[in-house]
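S.K.:
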Amino acid sequence: MTEDRPVPAHDHHGHEHHQHAAGASADSLTDPVCGMTVKPDSPHHTEFEGTEYRFCGAKCLDKFRADPARYIRPVPPTTVAETAPGTEYTCPMHPEVRQIGPGSCPKCGMALEPVLPELEQGENPELADFKRRFWWTLPATALVTLIAMSGGLFDPLFGAGRPWVELLLATPVVVWAGWPFFVRWAKSIANLSPNMWTLIGTGVGAAYGYSVVATVAPGLFPESFRMGGHVAVYFEAAAVIVSLTLLGQVLELRARSETGAAIKALLGLAPKTARRLNADGSEEDIPLTHVHPGDRLRVRPGEKVPVDGVVLEGASAVDESMLTGEPMPVNKATGDKVIGATLNTSGALVMQAEKTGSQTVLAQIVQMVAQAQRSRAPMQRMADHVAGYFVVAVVTIAALTFFGWGLFGPEPSWAYGLINAVAVLIIACPCALGLATPMSVMVATGNAATQGVLFRDAAAIENLRRIDTLIVDKTGTLTEGKPAFHATVAAPGWTEDEVLRIAASLDQGSEHPLAHAIVNEARRQELALSKPETFESSSGIGVHGTVEGRKVVLGNSALMDDEDVTWNALAGQAEALRLEGASVMMLAVDGIAVGLVAVADPVKATTAEALDELRAHGIGRIVMATGDGLTTARAVGKRLGIDEVLGEVKPKDKDDLVAKLQAEGRIVAMAGDGINDAPALARADVGIAMGTGTDVAMSSAQLTLVKGDLRGIAAARRISVATVRNMHQNLAFAFVYNALGVPLAAGLLYPFTGLLLSPMVAALAMSASSVSVVTNALRLRRTADRITGVEQRAA
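Per UniProt numbering, numbering through the sequence shown is continuous, rising by one, with the last residue being 795.
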């Protein structure tokens, strides 16, 4: 059955289209080395351990062949609550660095952290180690500092042996507590990857090594190194720098652990067990890992839905707010889809499992959030690039400081040169610079995800705020995506109820979505339907058969013409219904047109509000591009105030439209939900998929709205603006801090103020800068909660 204008088929529900992860099979779409999209027929491929991998080019293929294990990701856990053996760790500043188990990044030396936080993870082992080293050596640091700063108070007790006492106290602090820092320093040198540990290791090593030689063999130093007849030692500086750096790492690691709170909250949603109905009628509680597609499960009131599936029996209201952010429970009845980890509030349900483990909506959300948190924003790549040159520049400045003070400074000139060079090295550590953007990205994506807004990568966050043009699909994006009964028109001598009853009676034999809408409406009105004696479908134009002994025809004008039915008297009313955005079918009984039945895809209740909000937030151009008929599309566009409407658009046309607008200098977002939207979603500056749509659309998009509400775009845009502002604050803080700190540490203000910056103060400032950046990033949690809270109140 159909109408005058053919209704295009839209693929919205119950799909099993999955984009494979890197290297998952021969038709993988992702290069395991660089992460770029790869065509299934790429000529660059190889086989490893029985699996074929494909690559974007020869260089990636060569890298993989040289060290396959480096690029193969472990198989995701079979369920969200389950942990894969051998947890994979990554660097928050360099997400391309991966290894099994904890450690430090070979590029920046930062502590690695789990790619996907575990629900029952316990304390970070590195955090525990640093805390132990800090607290065990803190008394020694305090003592050596007290002795060094006493101004000769302890000379009667120690006499000339005071440097040896300081050496005894400082050595366990520097050698044992500071050992992880020296390991990272050595790696930075060996890998030719200068980073913050290059500066810390060099500074502490120089102060401690100089002091050891000055204690063991003071006669090696010339007079310019002596103060009051003694060679000055700086054990207290080396010890305090180590202790303060440890303290900074403890505070930073503790703060960084909070950035994974959103993923842990998502992981905690999954129930641990499910109640399975066996073939013999018995029931048993089984671990979630034992649930398989096809299993029948009972969900009692107050329990969580175990996995994704469909309701077989019962009716209930299910709270889906933990995944969609929608505060109102959703009514579920036989045939409705349910999502794993949502809460069954009232009635009992029997459901059939359809997706389990890593295929569930919750598992895919967790994977998307983890991927987004580990991606690198363009702004971050710039910061990383600057940081490498920055370290080399700082080492150069430290060397110039040492020789400048040694050659031209007051006595003891070389001692001043050493202490100021160490201060330069310590205060200029680029840790704050490296953390500036990853922390903002991790906090923003995690908190947005708990409200149903999923960013695929950091680039999407950075680009979304710049969007000035939005292309939207109609069916499933602006509208519900499911046909619903719209209206009935009766010819003279007939009633609307009778027209609907006969049409629904005939349509009981049809599987077409339009037929379902008509039959469901008749049943809702409790009309007495008759079983058709005969039924036949005329593909593309309608259906006909026999109902209650009468010949009944239901379809478009082409079918009426074939059956020699005169329907001109109803033509004006049919066109009026089409202008309302409805699909219209004529009903004829025994060769006489008796009425019209109209079915429409209703506009989502939130769409008009969402479009108004987007316009208010700077998206001045909104274009509807749909495969539906132009008359229907224009009707929907008129209702929503969309002036640019394109109908009967093919997938390639949408892709070409995005390219055309980009060529005009527009920054384009594309919002859609179907397979036909995937090419345009991939080409757009930001592709936005409806979570109610197909897996292919979501795989092609950079942003997914879990509940399919366009108001989520406005919320995501505000999160984007807040996150980029937070990144700018962090970067500005890091750059300004170093711009002011380095000259101060080098002693440039000494001729004017007579003051020098102690290495101990420099170490405290360095640690404080890193903690400040992380703390500032954590403020985004309140911003994201406030933004999405506004969306919920509006709903």
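Yeah, the Cβ is synthetic: ideal placement off N, Cα and C, and Gly gets one too. Being a predicted model, the structure only gives us computed values, none of them experimental.
1. Go through the stretch 679-732 residue by residue and report every complete run of the alpha helix (DSSP H) that reaches 4 residues or more, in order.
2. Could you name each continuous beta strand (DSSP E) segment of 3 residues or more that falls completely within the stretch 612-670, going from the start of the chain to the end?
3. Which of helix, strand or coil does DSSP assign to residue 525?
4. Is it the case that the stretch 605-614 contacts the stretch 574-583, given that we only count it when at least three CB pairs across the two stretches are under 8 angstroms?
5. Which partner residues of residue 298 appear in the DSSP bridge assignment?
6. Looking at residue 468: is its Cβ nearer than 7 angstroms to the Cβ of residue 667?
7. Closer than 8 angstroms by C-beta to residue 403: which residues in its own chain qualify, once you throw out the five before and the five after it? Chain order, please.
8. Identify the continuous alpha helix (DSSP H) that holds residue 463 and give its terminal residues.
9. How is residue 332 classed by DSSP in three states: helix, strand or coil?
10. If the criterion is Cβ atoms closer than 7 angstroms, does the pair residue 545 and residue 506 meet it?
11. Kindly indicate the opening and closing residues of the alpha helix (DSSP H) around residue 87.
12. Determine the closest residue to residue 649 out of 679, 641, 669, 664, with distance taken between C-alpha atoms.
13. Between 331, 407, 167, 409, which lies nearest to residue 315 when the distance is taken from Cα to Cα?
14. List the endpoints of the continuous alpha helix (DSSP H) containing residue 796.
15. Going by beta-carbon coordinates alone, are residue 335 and residue 362 separated by less than 7 angstroms?
16. Look up residue 290 in the DSSP assignment and say whether it is helix, strand or coil.
17. Taking residue 236 as the reference, which of 742, 528, 140 has the closest Cα?
18. What residue range does the beta strand (DSSP E) around residue 552 cover?
19. Check for me: the beta strand (DSSP E) holding residue 485 runs from which residue to which?
20. Where residue 592 and residue 708 are concerned, what is the direct C-alpha to C-alpha distance, given to the nearest angstrom?
21. Assuming residue 579 is part of the alpha helix (DSSP H), what are its boundary residues?
22. Measuring alpha carbon to alpha carbon, tell me which residue in 353, 32, 464 is nearest residue 298.
23. By Cβ distance, which residues of its chain are closer than 7 angstroms to residue 23, with the 5 residues on each side in sequence left out?
24. Give the DSSP-derived three-state secondary structure of residue 419 in the structure shown.
25. Quick check: what's the CA-CA separation for residue 626 versus residue 644?
26. Count the C-beta pairs between the stretch 716-733 and the stretch 444-455 that are closer than 8 angstroms, then say yes if the count reaches three, no if not.
27. Name the residue from 634, 658, 711 whose alpha carbon lies nearest to the alpha carbon of residue 451.
28. Applying the 10 Å Cβ sphere with the 16-neighbour rule, what's the burial state of residue 572?
29. Are the beta-carbon atoms of residue 421 and residue 396 separated by less than 7 angstroms?
30. Rounding to the nearest angstrom, what Cα-Cα distance links residue 91 and residue 337 in this structure?
31. Compute the beta-carbon to beta-carbon distance between residue 343 and residue 318, rounded to the nearest angstrom, for a pair I have assumed lies under 8 angstroms.
32. Would you kindly check if the distance between the Cβ of residue 670 and the Cβ of residue 681 is under 7 angstroms?
33. Could you pull the start and end residues of the beta strand (DSSP E) that residue 453 belongs to?
34. What residue does the beta strand (DSSP E) around residue 51 start on, and which one ends it?
35. Over what stretch of residues does the beta strand (DSSP E) that includes residue 100 continue unbroken?
36. Alpha helix (DSSP H) containing residue 753: first to last residue?
M.R.: Taking the structure as given:
1. 695-700
2. 621-625, 644-646
3. coil
4. no
5. 275, 350
6. yes
7. 417
8. 458-464
9. strand
10. yes
11. Taken as a continuous stretch (DSSP letters only), residue 87 belongs to no alpha helix (DSSP H), as it is neither H nor E.
12. 679
13. 331
14. Beyond the ends of the chain as shown, which are 1 and 795, falls residue 796; an answer cannot be given.
15. no
16. helix
17. 140
18. 550-555
19. 484-490
20. 43 angstroms
21. 571-579
22. 353
23. Note that residue 23 has pLDDT 34, beneath the 50 cutoff, so the model's placement of it is unreliable and no number is given.
24. helix
25. 11 angstroms
26. yes
27. 711
28. exposed
29. no
30. 38 angstroms
31. 7 angstroms
32. yes
33. 453-455
34. 51-54
35. 98-100
36. 750-753
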